[in-house]
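J.: Have a look at this one before I ask anything.
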Amino acid sequence: MAAVDPSGKPFPPLINDLILRAARGEKTEHVPVWVMRQAGRYLPEFREVRAENEFFKVCRTPELACEVTLQPLRRFDLDAAIIFSDILIIPQAVGMEVQMVPGKGPTFPQVLKEPSDLQHLNLNCNVKEELQYMLDALTFTRHTLNGKVPLIGFCGGPWTLMAYMIEGGGSSTQSKAKAWLYKYPEDSHILLKSLTKLLIEFLIDQVVAGAQMLQVFESHAGILTPECFKTFLLPYIKEIAEGVKSGLKRLNIDVPMTIFAKDAHYGIEELATTGFDIISLDWTIKPMRARHEAGQKVTLQGNLDPCALYGSENDIQDNVKKMLKNFGTQKYIANLGHGMYPDMCPESVQTFVNAVHNYSKLMNES
Ligand code: 1CP
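So the sequence shown is residues 1 to 366, counted in the UniProt record's numbering.
So this is what it looks like as structure tokens:
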């Protein structure tokens with residue numbers, strides 16, 4: 001990871017490197033844990049910030065992004081921070097408008113309807129210039145974290161971003177986006193390739209700015225057929241791992257990279273060969289099967305059902321015990337299989353995090 005910030009100022013020394021060691025397959029005294037959407041609406045202090053600031057204003061203001069990134073770390077003994085931002089800032093960078101509509105989520109007033117619409121996008125944009133605010137937020141947050149835990153940078157995967165750009169928001173079928181793959185395969189590849197190039201630049205920039213780990217969210221992977229996955233997702237994910245790793249190698253930097261291809265069980269074996277260090281799992285796959293498919297080389301992350309956090313303290317602890325037994329304590333990072341929901345209680349995160357630390361310590365000692 002970068003030892004100095006882009007202005008040459010040294011970053012504070014890292015105190016808790018547990019998650020980086022788990023990512024590299026090194027021995028860990030207990031299992032590291034963080035939570036997808038750990039900064040979010042389930043925290044009253046987050047809702048307070050959001051009440052006064054529009055969503056993308058929080059993303060674009062380094063002090064606000066830093067504040068909400070640190071909120072969960074003040075409450076819980078987490079082993080990583082994830083920068084507050086959104087995967088949809090890439091569609092914004094290429095010229096699409098994205099609004100965060102309360103109660104509905106992200107909405108694009110104008111979507112891609114047909115291949116000729118690609119001409120209106122600035123797919124050759126200068127991503128560093130367009131998204132400098134996110135890079136500044138990373139630098140500011142890494143300094144403010146003062147070495148407490150590593151800071152995770154992230155982006156959406158090319159297929160997931162393409163899906164949002166065509167659907168204009170969430171969709172249960174993704175039928176409009178999937179139609180492109182069958183109707184306009186060549187134009188789909190043009191868009192995916194252009195996004196891939198931007199994402200490689202962006203992820204390298206994030207590390208130079210201060211990110212100590214990277215995660216790529218292919219949240220809509222599971223809606224594809226295995227064949228479409230192989231044609232339209234896998235090659236670009238591989239290109240991202242290779243492009244980012246070789247770009248960082250030239251700068252003498254190495255950071256662990258995580259791929260979260262939600263619901264893409266059929267693709268785990270192939271994802272394990274892409275160059276990503278960590279495969280993040282949703283809750284619908286059995287840990288033993290995931291380990292079998294992924295092999296011994298990669299670290300696994302996940303995969304507690306987020307809804308398990310609605311259970312009692314005892315139930316959460318029992319579910320964590322089962323999860324740890326199945327994954328083991330090494331080459332493993334505990335997390336949920338997807339993000340926190342807004343109606344969850346903060347106390348459930350406390351129970352989850354403490355249970356992971358306590359039981360994995362006991363397992364390592366026995
Ligand atoms: O009003 C609010 O505050 C909206 C809630 C919210 C939050 C807290 C959104 C809108 N985005 C975020 C932050 C966010 N998004 C983070 C920050 C850090 C953290 O995890 O603590 C991250 C990593 C994301 C990534 C993201 N955004 C993904 C990938 C992960 C996933 O959830 O699958 C996706 C798909 C998005 C799009 C998005 N942004 C927001 C929502 C509600 C959605 C999903 C919409 C949908 O498809 O229905």
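A virtual CB, placed ideally from N, CA and C, is assigned to each residue, including glycine.
Does the stretch 336-351 come into contact with the stretch 10-19, if we say contact requires no fewer than three beta-carbon pairs (one atom in each stretch) closer than 8 Å?
T.: With a cut-off of 8 Å, the stretch 10-19 and the stretch 336-351 do not count as touching, because too few Cβ pairs lie within range.
J.: Should Gly40 be counted as a contact of ligand 1 given a C-beta to heavy atom distance under 7 Å?
T.: Residue numbering aside, residue 40 sits at position 40 when the sequence shown is read from its first letter. Yes, since a heavy atom of ligand 1 falls inside the 7 Å radius drawn around the Cβ of Gly40.
J.: Please report how far the alpha carbon of Leu131 lies from the alpha carbon of Gly153, in whole angstroms.
T.: To locate residue 131, count along the sequence shown from 1; it is residue 131. To locate residue 153, count along the sequence shown from 1; it is residue 153. Roughly 13 Å separates the two Cα atoms.
J.: Where do the N-terminal and C-terminal ends of the beta strand (DSSP E) with Ile279 fall, by residue?
T.: Numbered from its first residue, the sequence shown carries residue 279 at position 279. From DSSP, the beta strand (DSSP E) with Ile279 extends over Ile278 to Ser280.
J.: May I have the straight-line CA-CA distance separating Leu78 from Ser188, to the nearest angstrom?
T.: Translated into the one-based positions of the sequence shown, residue 78 becomes position 78. Translated into the one-based positions of the sequence shown, residue 188 becomes position 188. One C-alpha to the other measures close to 39 Å.
J.: At 3 residues or longer, what runs of the beta strand (DSSP E) sit wholly inside the stretch 223-302?
T.: Runs of the beta strand (DSSP E) inside the stretch 223-302: 257-261 and 278-280.
J.: Out of Ala65, Glu242, Asp205 and Val31, point me to the one whose CA is closest to Pro5's CA.
T.: As a position in the sequence shown, residue 5 is number 5, starting the count at 1. According to the sequence provided, residue 5 is Asp. The question's Pro does not apply to it. Of the candidates Ala65, Glu242, Asp205 and Val31, the one whose C-alpha sits nearest the C-alpha of Asp5 is Asp205.
J.: Beta carbon of Gln212, beta carbon of Val244: below 8 Å?
T.: Within the sequence shown, the letter at position 212 stands for residue 212. Within the sequence shown, the letter at position 244 stands for residue 244. No.
J.: Count the other C-beta atoms from every protein chain shown that fall within 10 angstroms of the C-beta of Lys331, then say buried if there are 16 or more, exposed otherwise.
T.: Within the sequence shown, residue 331 is the residue found at index 331, counting from 1. Result: buried.
J.: My guess is that Pro346 and Tyr42 are in contact by the Cβ rule of under 8 Å, so how many angstroms apart are they, rounded?
T.: On the sequence shown, position 346 is the one that residue 346 refers to. On the sequence shown, position 42 is the one that residue 42 refers to. About 6 Å; that satisfies the 8 Å criterion.
J.: State the start and end residues of the unbroken beta strand (DSSP E) segment that holds Met213.
T.: Here residue 213 refers to the residue found at position 213 of the sequence shown. Met213 to Glu218 is the extent of the beta strand (DSSP E) around Met213.
J.: What is the DSSP secondary structure of Asn335, reduced to helix, strand or coil?
T.: Locating residue 335 in the sequence shown gives position 335, where the first residue counts as 1. Three-state result, Asn335: strand.
J.: Ligand 1 and Pro306: does any heavy atom of the ligand fall closer than 7 Å to the residue's C-beta?
T.: Taking the first residue of the sequence shown as 1, we reach residue 306 at position 306. Pro306: no, Cβ never under 7 Å from ligand 1.
J.: Tell me whether the beta-carbon of Val94 lies closer than 8 Å to the beta-carbon of Cys155.
T.: Sequence index remark: in the sequence shown, residue 94 carries index 94 (1-based). Sequence index remark: in the sequence shown, residue 155 carries index 155 (1-based). Not in contact: Val94 and Cys155 (Cβ atoms no closer than 8 Å).
J.: Ligand 1 and Pro109: does the residue's C-beta get closer than 7 Å to at least one heavy atom of that ligand?
T.: Counting from one through the sequence shown, the residue named residue 109 turns up at place 109. Checking the Cβ of Pro109 against ligand 1 gives no.
J.: For Cys155, write down the residues that DSSP places opposite it in a beta bridge.
T.: Working through the sequence shown from its first residue, we reach residue 155 at position 155. According to DSSP, Cys155 bridges with Val216.
J.: Per DSSP, Ile82 forms a beta bridge with which residues?
T.: Mapped onto the sequence shown, residue 82 falls at position 82. For Ile82, which the question treats as bridged, DSSP gives the partners Ile152.
J.: Please report how far the alpha carbon of Pro226 lies from the alpha carbon of Ile237, in whole angstroms.
T.: Against the sequence shown, residue 226 aligns to sequence position 226. Against the sequence shown, residue 237 aligns to sequence position 237. About 15 Å.
J.: How would you label Thr284, buried or exposed, when you count the other beta carbons within 10 angstroms and need 16 or more for buried?
T.: Walking along the sequence shown from the start, residue 284 turns up at place 284. Exposed, because fewer than 16 other Cβ atoms sit within 10 Å of the Cβ of Thr284.
J.: Looking only at C-alpha atoms, which of Ala39, Gln38, Ala80 and Gly267 sits nearest to Leu214?
T.: Here the question's residue 214 lines up with position 214 in the sequence shown. Taking only the C-alpha atoms, the option nearest Leu214 is Ala80.
J.: Leaving out the 5 sequence neighbours to the left and right, which residues in its chain are closer than 6 Å to Thr351 when beta-carbon positions are compared?
T.: As a first step, residue 351 is located in the sequence shown; it is residue number 351 there, counting from the start. Excluding sequence neighbours, Thr351 sits near Glu313 and Ile316.
J.: Should Phe202 be counted as a contact of ligand 1 given a C-beta to heavy atom distance under 7 Å?
T.: Mapped onto the sequence shown, residue 202 falls at position 202. Result no, Cβ not under 7 Å from ligand 1.
J.: Of the choices Thr139, Glu97 and Gly157, whose alpha-carbon is the least far from that of Ala209?
T.: Counted from its first residue, the sequence shown places residue 209 at position 209. Among Thr139, Glu97 and Gly157, the Cα nearest to that of Ala209 belongs to Thr139.
J.: Does the distance from the C-beta atom of Glu26 to that of Lys361 stay below 8 Å?
T.: Here residue 26 corresponds to residue number 26 of the sequence shown, with the count starting at 1. Here residue 361 corresponds to residue number 361 of the sequence shown, with the count starting at 1. No, the pair does not count as a contact, with Cβ atoms beyond the cut-off.
J.: Can you give me the Cβ contacts of Ala23 inside the same chain, cut-off strictly under 6 Å, excluding the 5 residues immediately before and after it?
T.: Here residue 23 is taken as the residue at index 23 of the sequence shown, counted from 1. Taken in chain order, the residues that qualify are Pro256, Asp277, Ile278 and Thr299.
J.: Considering Cα atoms alone, identify which of Pro102, Pro306, Ser116 and Glu97 is closest to Pro109.
T.: As a working note, residue 109 is residue 109 in the sequence shown. Considering only alpha carbons, the answer is Glu97.
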